[in-house]
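>
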Amino acid sequence: MLEIRNVCKTFNPGTINEKVALDDLSLKLEEGDFVTVIGGNGAGKSTMLNAIAGVWKPDSGQILIDGIDVTKMPEHKRAKFLGRVFQDPMLGTAAKMQIEENLALAMRRGKIRSLKWFITKEERISYRQKLAALGLGLEDRLKTKIGLLSGGQRQALTLLMASLKTPKLLLLDEHTAALDPKTAAKVLEITDKIVKENKLTTLMITHNMNNAIAYGNRLIMLSEGKIILDIKGEEKQHLTVESLLAKFYEASGDSFADDSALLG
Amino acid sequence: MNIGALINGLPGAVAQGLIWGIIAVGIYITYKILDIADLTVDGSLCTGGAVCIMMLLAGYGNTVSLIAALVAGMLTGVVTGFLNTAMGIPAILAGILTQLGLYSINLKIMENRANQPINANNYDLLVSLRNIKNVPFFENTIFIVMAITVVIVLLLYWFFGTEFGCTLRASGSNEAMCRAQGINVNLNRVVGLTISNGLVALAGGLLAQYQGFADVNMGRGAIVIGLAAVVIGDAIFGRLFNNFAFNLVAVSLGSIIYYLVLQVVIWRGLDAQMLKLLSAIIVAIFLAIPYVKNQYFKSVRNPKHHAEKGVKFNA
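Chains as they are written, first to last, in the numbering used here: chain A, 11 to 274; chain B, 450 to 764.
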């Protein structure tokens with residue numbers, strides 16, 4: 011489904027701010043994998059997601075989605091394969107536009123946008139149903155401007171938008187980090203539901219170890235631009251925070267002060 | 450104070466306001482929809498006027514001349530869009546560069562003259578200073594420009610309601626979201642600049658006909674006058690209308706109000722040389738209001754009250 015082959019990325023090369031963000035990173039996802047990604051600040055989690063999404067081109071290496079080499083494909087063209095939810099709830103939706111307009115924009119991801127009139131009646135009915143399924147009472151507010159919604163509502167909508175046109179791969183970049191705990195739990199619940207219903211292949215970055223363990227069928231941990239832990243299958247099911255930490259000490263060997271503070 | 454002189458001047462102010470209303474609608478597209486301040490218009494307005502007048506002088510008809518003005522204006526928008534998106538020059542600077550270059554081009558279009566007059570007696574003009582009073586209504590400049598405005602507003606309403614047009618609105622609202630949804634933000638920006646400058650140049654053609662000449666300086670400050678119309682329209686009618694077509698009509702009305710106010714100010718004896726300063730001050734005040742309100746006059750509400758008023762996440 012997704013294959014990252016030896017991708018390297020260095021920011022600000024040759025300057026005092028030089029930062030190796032991805033160091034010969036390779037990763038292969040199978041169809042239907044729900045992978046949680048953890049790691050400390052600057053470990054390269056978001057950089058990896060941005061490389062897949064095409065925010066910039068990697069210095070070297072290859073990225074394949076469903077066998078198609080997308081390494082040089084611009085971000086907006088790659089979008090047809092991807093559903094994305096960002097950390098910042100403001101980034102995933104257009105504030106000045108209505109709920110239904112946002113959904114309709116997402117519905118046409120990967121399609122040529124024609125000069126046909128925008129939203130059809132049938133569409134509106136299906137949006138209403140899908141919004142009702144979120145359980146946030148948004149189904150009667152199709153014409154509401156997104157800017158009037160809360161961060162949690164916007165994030166839930168972004169999730170819906172990411173899955174409206176079934177993507178090959180869903181990228182979640184700490185999408186609950188900016189929400190309060192109760193809202194974050196609700197959004198995670200919706201995430202799990204959408205992923206399961208659509209059988210989406212998913213990469214979810216989280217800063218929360220419990221969530222990383224509770225969700226998905228595979229867990230990877232990044233440190234200094236490399237994957238240092240990759241836990242799947244049976245092993246993932248029996249994972250606990252303690253055993254994960256133990257594995258981390260084993261894998262990294264060096265001091266864990268910063269990361270454990272962040273992850274605990 | 451001769452009230453008759455004021456009343457006499459009002460139809461002219463309305464006609465001029467309507468023509469500038471089309472310019473303002475063009476500016477609305479870049480400023481409000483794409484969220485960029487496009488200074489190309491100061492040049493493309495004159496390009497439209499120059500092309501239209503020179504075509505008329507060369508014996509072409511009204512329709513062809515105005516279409517040529519429209520196309521010339523669209524090209525200027527393409528240039529700014531190219532500089533901005535393909536060359537990575539910030540939008541405001543890209544507009545200034547195009548505008549500066551257009552100064553020379555406009556002079557060349559007008560055969561190296563800073564001013565090209567056209568005599569309404571010898572040419573069949575669509576709009577003119579003379580055709581605002583004592584003419585059949587279908588020849589009246591006010592009626593004709595109004596009809597053109599209605600057609601433009603309807604076309605834009607349709608366009609921005611289509612699948613593609615909607616992505617233009619989204620581009621101005623949230624670029625990150627657009628890219629994630631597979632929208633080519635750069636292309637959209639070029640398209641928006643093209644439409645905007647096309648409209649401005651078309652209005653430039655009308656304006657040159659109306660005043661009876663094209664002048665190399667006729668576009669100076671156009672962005673400010675256009676913005677004045679946009680902000681006045683928004684301030685007065687913004688709460689009334691919640692429909693895209695009506696928003697555009699509000700811009701046109703804003704422009705008419707602006708010219709009516711100018712007419713009154715001039716009638717009250719303001720030195721005409723001071724008009725541009727006055728325009729700049731009006732726009733500065735209107736643009737500053739939302740910021741000043743927030744920054745200096747916002748009472749800090751009690752948080753409980755605030756939470757009740759705000760939209761809650763009803764999970």
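Backbone N, C-alpha and C define an ideal beta-carbon position, used for all residues, glycine too.
Which of helix, strand or coil does DSSP assign to Leu92/A?
Leu92/A falls in the strand class under three-state DSSP.
> Should Pro68/A go down as buried or exposed, given a rule of 16 or more other Cβ atoms within 10 Å for buried?
Pro68/A should be labelled buried.
> Taking only beta-carbon positions, decide if Ala194/A is within less than 8 Å of chain B.
No, because no Cβ of chain B sits closer than 8 Å to the Cβ of Ala194/A.
> Taking only beta-carbon positions, decide if Lys286/A is within less than 8 Å of chain B.
Chain A is shown from 11 up to 274; residue 286/A falls before or after that span and cannot be answered.
> Could you tell me which residues DSSP puts in a beta bridge with Leu467/B?
None, per the DSSP bridge assignment.
> Rounded to the nearest angstrom, what separates Gly718/B and Gln465/B at their Cα positions?
Those two C-alpha atoms are separated by around 20 Å.
> Any contact of the stretch 92-105 of chain A with the stretch 164-174 of chain A, i.e. 3+ C-beta pairs under 8 Å?
They touch, by the three-pair rule.
> Distance cutoff 8 Å, beta carbons only. Does Arg134/A sit that close to anything in chain B?
Judged by the 8 Å Cβ criterion, Arg134/A is not in contact with chain B.
> By how many angstroms is the C-alpha of Ser728/B removed from the C-alpha of Gln722/B?
Roughly 11 Å between the two C-alpha positions.
> Let me see if you follow: with CB-CB separation under 8 Å, is Glu110/A close to chain B or not?
So, not an interface residue.
> Buried or exposed, going by whether 16 or more other CB atoms sit within 10 Å of the CB of Val584/B?
Exposed.
> I need the DSSP call for Ser160/A, collapsed to helix, strand or coil.
The answer is coil: DSSP assigns Ser160/A none of H, G, I, E or B.
> Assuming Leu174/A contacts Ala116/A under a Cβ cut-off of 8 Å, what Cβ separation, rounded to an integer in Å, is found between them?
About 5 Å separates the two Cβ atoms, so the contact holds.
> Would you mind giving the Cβ-Cβ distance between Thr616/B and Arg88/A, rounded to the nearest angstrom? I have them listed as a contact below 8 Å.
About 17 Å; that fails the 8 Å criterion.
> What is the rounded straight-line gap between the Cα of Phe608/B and the Cα of Leu494/B?
Rounded to whole angstroms, Phe608/B to Leu494/B spans 23 Å at the Cα level.
> Using a Cβ-Cβ cutoff of less than 7 Å, which residues in the same chain neighbour Gly635/B once the five nearest sequence positions on both sides are dropped?
Sequence inspection shows Asn at residue 635/B; the Gly mentioned does not correspond to that position. These residues qualify, in order along the chain: Thr534.
> Whose Cβ in chain A lies nearer than 7 Å to the Cβ of Asp618/B?
Here the sequence assigns Arg to residue 618/B, which means Asp is not the residue at that position. By Cβ distance, chain A contributes Met107.
> State the start and end residues of the unbroken beta strand (DSSP E) segment that holds Phe258/A.
Looking at the DSSP string, Phe258/A is not in any beta strand (DSSP E); the run it does join, the alpha helix (DSSP H), is Val251 to Ser262.
> Does the structure place the stretch 671-682 of chain B close enough to the stretch 476-491 of chain B that three or more beta carbon pairs sit under 8 Å?
Contact holds: three or more Cβ-Cβ distances are below 8 Å.
> For Ser124/A, go through chain B and note every residue whose CB falls closer than 9 Å to its CB, in chain order.
Correct list: Thr611, Glu612 and Phe613.
> Could you name the residues of the stretch 39-54 of chain A whose beta carbon sits closer than 8 Å to any beta carbon of chain B, in the order they occur along the chain?
Residues passing the 8 Å Cβ filter: none.
> Where do the N-terminal and C-terminal ends of the beta strand (DSSP E) with Glu13/A fall, by residue?
Counting along the chain, the beta strand (DSSP E) containing Glu13/A begins and ends at Leu12 to Phe21.
> Take every Cβ of the stretch 518-526 of chain B, pair it with every Cβ of the stretch 644-651 of chain B, and state whether three or more of those distances are shorter than 8 Å.
Touching, yes, given that three or more Cβ pairs across the two stretches are closer than 8 Å.
> Return the first residue and the last residue of the beta strand (DSSP E) that Gln565/B is part of.
Element bounds for Gln565/B: Asn564 to Pro566.
> Identify the continuous beta strand (DSSP E) that holds Lys236/A and give its terminal residues.
Its beta strand (DSSP E) spans residues Lys236 to Lys242.
> Based on DSSP bridge pairs, tell me the residues matched to Trp127/A.
Trp127/A pairs with Thr611/B.
> Counting along the chain, where does the alpha helix (DSSP H) carrying Met214/A start and finish?
No alpha helix (DSSP H) holds Met214/A; the beta strand (DSSP E) holding it covers Thr211 to Ile215.
> Leaving aside the five residues before and after Met503/B along the sequence, list all residues of the same chain whose C-beta is less than 7 Å from its C-beta, in chain order.
The answer, listed in chain order, is Ile558, Met559 and Gln565.
> Would a check of beta-carbon distances place His86/A closer than 8 Å to chain B?
It does; some Cβ of chain B falls within 8 Å.
> Ser622/B versus chain A: which residues are under 8 Å apart at the beta carbon?
In chain order: Ala104, Ala105, Lys106 and Met107.
> So, for Ala271/A: in the same chain, excluding its five sequence neighbours on each side, which residues have a beta-carbon less than 8 Å away from its beta-carbon?
Here Ala271/A scores only 49 on pLDDT, less than 50, and its place in the model should not be relied on; the value that follows carries that caveat. Once the five neighbours on either side are set aside, Ala271/A has no close Cβ partner at all.
> By the 10 Å Cβ neighbour count, where 16 or more other Cβ atoms means buried, how is Asp664/B classified, buried or exposed?
Per the 10 Å Cβ criterion, buried.
> Please name the residue in Asn637/B, Gln744/B, Val679/B and Ala684/B whose C-alpha comes closest to that of Val527/B.
The candidate whose alpha carbon is nearest that of Val527/B is Asn637/B.
> Considering only the alpha carbon of each residue, which of Phe587/B, Leu524/B and Phe613/B lies closest to Ile554/B?
Measuring from the Cα of Ile554/B, the nearest candidate turns out to be Leu524/B.
> Would you please verify whether the beta carbon of Trp66/A is less than 8 Å from any beta carbon of chain B?
No - not a single Cβ of chain B is within 8 Å of the one on Trp66/A.
> Any beta-carbon of chain A closer than 8 Å to the one on Ala629/B?
By this cut-off, Ala629/B is an interface position.
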